[in-house]
Amino acid sequence: MEVLWKASFGSAAKKPTVGRNILQAMINNKIDLPLTVGISGASGNIYGLRLLQFLLENNYKINLVVSESALKVALHENNLLLSSNPQTQKEQVLSYLSLSLSNDDLLTVWPHDDIAASISSGSYKTSGMVIIPASMGTVASIACGISRNLITRAADVCLKEKRKLILVPREMPVSSIHLENMLKLSNLGVIIAPACPGFYHNPVQTFDLIDFVVGKVLDLLGFEHNIFKRWQSQSKQLTSKTSTNL
Ligand SMILES: Cc1cc2nc3c(=O)[nH]c(=O)nc-3n(C[C@H](O)[C@H](O)[C@H](O)COP(=O)(O)O)c2cc1C
70 MEVLWKASFG
80 SAAKKPTVGR
90 NILQAMINNK
100 IDLPLTVGIS
110 GASGNIYGLR
120 LLQFLLENNY
130 KINLVVSESA
140 LKVALHENNL
150 LLSSNPQTQK
160 EQVLSYLSLS
170 LSNDDLLTVW
180 PHDDIAASIS
190 SGSYKTSGMV
200 IIPASMGTVA
210 SIACGISRNL
220 ITRAADVCLK
230 EKRKLILVPR
240 EMPVSSIHLE
250 NMLKLSNLGV
260 IIAPACPGFY
270 HNPVQTFDLI
280 DFVVGKVLDL
290 LGFEHNIFKR
300 WQSQSKQLTS
310 KTSTNL
């Protein structure tokens, strides 16, 4: 996964771009405020890393929290050693993503147990939070209002402050408990966006599947992007081909 990630996402050909509508999107969704990104211990922390890469490349301000379990998953899945020291972890994440920030303030990394972090208070304004991937344990904690680490506390703050909260669960199969927790959160306005890539964009490589999921999250956040090919109905494709031929 590590080789694929660096080879694919580092290439100019795949480099995402922000479209013209970004300013309007920022106005509509208040995404000029910092966004909180939580990476919990479900499989697929590469989704979270890819989202981070896109947002930081586009100069978006992020508060990042990686759960204790996610540190283990990162090592296992991506051969990415992450320190629990926030400054070291920041350097490790940036190095993994081959990113150097134009402004060091763009990324703030918080320890998973720092419940005194700014994002643990509703008085600190954010544009919302994405938990990607979201483990079933984290989903359950949020659904029950149990805020034992900074990810679940920051999510709890989003709920109470009525801010956008997007969860990207990764589990298969799911139990009735998982489903009930997700339904409960959905009924509270939380966006449940499972890590289920489509195949209608004709993926060729693993990163096409990753970009599909991350692209859908960017859509939900209101970002213009071109990291996946959008569906065009067959009849429309036929019409455009016909008109080109005329
Ligand atoms: C390699 C690995 C993969 C895992 N994948 C998942 C998963 O896909 N979904 C899930 O809910 N838990 C998964 N787990 C289990 C969670 O890490 C575990 O439930 C943990 O307590 C979640 O803690 P957190 O939500 O605070 O990050 C995985 C664990 C490991 C080590």
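All the letters of the sequence shown, read from the start, carry residue numbers 70 to 315 under our numbering. Think of the CB as a built atom: it goes at the ideal place given N, C-alpha and C, for glycine as much as any other residue.
Whole-number beta carbon distance between residue j and residue i, since they are thought to touch under 8 Å
i           : j           : result
residue 238 : residue 208 : 6 Å
residue 240 : residue 111 : 7 Å
residue 144 : residue 133 : Not really, about 17 Å apart at Cβ, beyond 8 Å.
residue 119 : residue 279 : 5 Å
residue 169 : residue 161 : With a Cβ gap of about 14 Å, residue 169 and residue 161 do not count as contacting.
Sub-7 Å separation of residue i and residue j beta-carbons
i           : j           : result
residue 106 : residue 259 : no
residue 266 : residue 281 : yes
residue 254 : residue 212 : yes
residue 269 : residue 201 : no
residue 108 : residue 139 : yes
residue 181 : residue 136 : yes
Classification of residue i by the beta-carbon crowding that lies within 10 angstroms, buried from 16 upward
i           : result
residue 300 : exposed
residue 292 : buried
residue 224 : buried
residue 296 : buried
residue 150 : exposed
residue 58  : For residue 58 there is no data in the structure shown, the boundaries of the chain being 70 and 315.
residue 158 : buried
residue 290 : buried
residue 303 : exposed
Residue i: first and last residue of the uninterrupted alpha helix (DSSP H) it sits in
i           : result
residue 142 : 137-147
residue 278 : 275-290
residue 203 : Careful: residue 203 lies outside any alpha helix (DSSP H), inside the beta strand (DSSP E) at 197-203.
residue 162 : 155-165
residue 247 : 245-256
residue 119 : 114-126
Cβ shell of residue i (< 6 Å), same chain only, five flanking positions each side left out
i           : result
residue 130 : 103 and 175
residue 205 : 240 and 247
residue 172 : none
residue 193 : 187
residue 99  : The pLDDT assigned to residue 99 is 45, lower than 50, so where the model puts this residue is not dependable, and the model offers no usable value.
residue 277 : none
residue 165 : 149
Beta-carbon proximity list for residue i, same chain, < 8 Å, skipping 5 on both sides
i           : result
residue 156 : 178
residue 232 : 195, 196, 197, 198 and 226
residue 320 : Look at the range of the chain in this structure, 70 to 315, and you will see that residue 320 is not part of it.
residue 184 : 216, 218, 219 and 222
residue 128 : 171, 172 and 175
Run of the beta strand (DSSP E) containing residue i, from where it starts to where it stops
i           : result
residue 226 : It is not in any beta strand (DSSP E) - residue 226 instead sits in the alpha helix (DSSP H) that spans 219-229.
residue 108 : 104-108
residue 236 : 234-238
residue 176 : 176-179
Cβ shell of residue i (< 7 Å), same chain only, five flanking positions each side left out
i           : result
residue 286 : 120, 199, 201, 235, 237 and 262
residue 113 : 202, 239 and 264
residue 214 : 225
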